[in-house]
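Residue numbers (our numbering): 436 to 735.
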């Protein structure tokens, strides 16, 4: 068997797996097919004789292609789920392969939730939680450290759990975040403690830390990479949220600061059993482009 025949045979043997991976990341059978085809093109232009694990190599390539597609799709603000395509595939008895992909997928409801994740979160979650790819192998794909990749998957899990809650749960989460905002604006330390979990964590990205330091003289809260404990979090944020507004951040209750209607910082909340367990402050411009912020409280 010559090289071309060998590549074709082995690629076809893994094609269904690759389509399943791509479909779970992209939510569209058509886009998944495009991603797999791109992987085939790259395989033909590679030094394939040096590839030790072809299945792993192809999975990595498909993941990279999907990541590029997700980022491009996000920048164009396209609708990432093709619901009609999914319905047609399920109802078409002739399209057995498409039916298998959808049956083997995470399901339409979860695909809607996945669409609210950032591209990197989606890749980390899908590859690790659905296909059991080690974090050390995922990290180079999304250009993160292994620990950062682990955190992305963990954050994705929390958001997926949050999005699976009933509307009543989401309404309750919004009430908790709103109570936190009111207490922070008033500088009410005791009220903040009542809505924070005793082990609450406040995390800020490097941009938020630097901007806060630059505005220290103006009374800006001073952040660290991680602040632990309800009292420490409350002390950091009390009286500091006058400009913040209630918002849906990737579909979940949160806060934003958006002068002129353009978000320049997002506050992502994790709420468990009616208490705020974690707050992530995102100010990095590249990260913000991957976050959907919908303001639900108008500025004064």
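For every residue, glycine included, the Cβ atom is placed at its ideal position computed from N, Cα and C.
Evaluate residue i with the Cβ neighbour count: other Cβ atoms within 10 Å of its Cβ, from every protein chain shown; 16 or more gives buried, anything less gives exposed.
{"i": "residue 685", "result": "buried"}
{"i": "residue 692", "result": "buried"}
{"i": "residue 575", "result": "exposed"}
{"i": "residue 697", "result": "exposed"}
{"i": "residue 682", "result": "buried"}
{"i": "residue 536", "result": "Reliability of the predicted coordinates at residue 536 is poor, the pLDDT of 37 falling under 50, and the value obtained from them is presented with this limitation in mind. Looking at its Cβ environment, which holds 16 or more other Cβ atoms inside 10 Å, residue 536 is buried."}
{"i": "residue 484", "result": "exposed"}
{"i": "residue 708", "result": "exposed"}
{"i": "residue 636", "result": "buried"}
{"i": "residue 468", "result": "buried"}
{"i": "residue 584", "result": "buried"}
{"i": "residue 705", "result": "buried"}
{"i": "residue 444", "result": "exposed"}
{"i": "residue 463", "result": "buried"}
{"i": "residue 523", "result": "Per-residue confidence for residue 523 stands at a pLDDT of 33, beneath the threshold of 50, marking its modelled position as unreliable; no derived number is given."}
{"i": "residue 466", "result": "buried"}
{"i": "residue 439", "result": "exposed"}
{"i": "residue 718", "result": "buried"}
{"i": "residue 573", "result": "buried"}
{"i": "residue 554", "result": "buried"}
{"i": "residue 453", "result": "buried"}
{"i": "residue 735", "result": "Because the pLDDT of residue 735 is 46, which lies under 50, any placement of that residue in the model is unreliable, and the number read from its coordinates should be weighed accordingly. Looking at its Cβ environment, which holds fewer than 16 other Cβ atoms inside 10 Å, residue 735 is exposed."}
{"i": "residue 633", "result": "exposed"}
{"i": "residue 533", "result": "Its pLDDT being 38, under 50, residue 533 is placed unreliably in this model, and the value from its coordinates should be taken loosely. So residue 533 counts as buried."}
{"i": "residue 694", "result": "exposed"}
{"i": "residue 569", "result": "exposed"}
Quick one: is the Cβ of residue i within less than 6 Å of any heavy atom of the ligand COA?
{"i": "residue 458", "result": "As presented, the structure is devoid of all ligands, the ligand COA included, so that no description of it is given."}
Since residue i contacts residue j with CB under 8 Å, what's their CB separation in whole angstroms?
{"i": "residue 560", "j": "residue 592", "result": "7 Å"}
{"i": "residue 644", "j": "residue 663", "result": "Not really, about 16 Å apart at Cβ, beyond 8 Å."}
{"i": "residue 628", "j": "residue 669", "result": "6 Å"}
{"i": "residue 449", "j": "residue 490", "result": "5 Å"}
{"i": "residue 408", "j": "residue 571", "result": "What is shown of the chain runs 436 to 735, which leaves residue 408 out entirely."}
{"i": "residue 502", "j": "residue 558", "result": "5 Å"}
{"i": "residue 638", "j": "residue 667", "result": "With a Cβ gap of about 12 Å, residue 638 and residue 667 do not count as contacting."}
Taking residue i as the reference, give the member of the options with the closest Cα.
{"i": "residue 716", "options": "646, 491, 497", "result": "646"}
{"i": "residue 690", "options": "663, 620, 563, 552", "result": "620"}
{"i": "residue 482", "options": "500, 442, 642, 585", "result": "442"}
{"i": "residue 480", "options": "668, 466, 496", "result": "496"}
{"i": "residue 556", "options": "668, 507, 589, 582", "result": "589"}
{"i": "residue 630", "options": "643, 608, 651, 466", "result": "608"}
{"i": "residue 563", "options": "504, 657, 494, 473", "result": "494"}
{"i": "residue 458", "options": "471, 447, 448, 478", "result": "471"}
{"i": "residue 504", "options": "695, 460, 710, 580", "result": "460"}
{"i": "residue 549", "options": "594, 446, 656", "result": "594"}
{"i": "residue 488", "options": "582, 446, 501", "result": "446"}
{"i": "residue 476", "options": "456, 455, 500", "result": "500"}
{"i": "residue 710", "options": "729, 611, 577, 666", "result": "611"}
{"i": "residue 730", "options": "492, 657, 688", "result": "688"}
{"i": "residue 728", "options": "552, 587, 507", "result": "552"}
Does the segment 693 to 707 come close enough to the segment 716 to 724 that 3 or more CB-CB pairs lie under 8 Å?
yes
Segment contact, 8 Å Cβ cut-off, at least three pairs: the segment 665 to 682 with the segment 603 to 623:
yes
Start-end ranges of the beta strand (DSSP E) lying completely within the segment 675 to 725, minimum 3 residues
680 to 684, 687 to 692, 700 to 707, 710 to 717
Note down, one range per segment and in chain order, each beta strand (DSSP E) of at least 3 residues found wholly within the segment 446 to 494.
none
Runs of alpha helix (DSSP H) wholly within the segment 570 to 626 (minimum 4 residues, chain order)
570 to 577, 581 to 598, 602 to 621
Mind listing, in chain order, the continuous alpha helix (DSSP H) runs of no fewer than 4 residues lying wholly within the segment 639 to 666?
641 to 649
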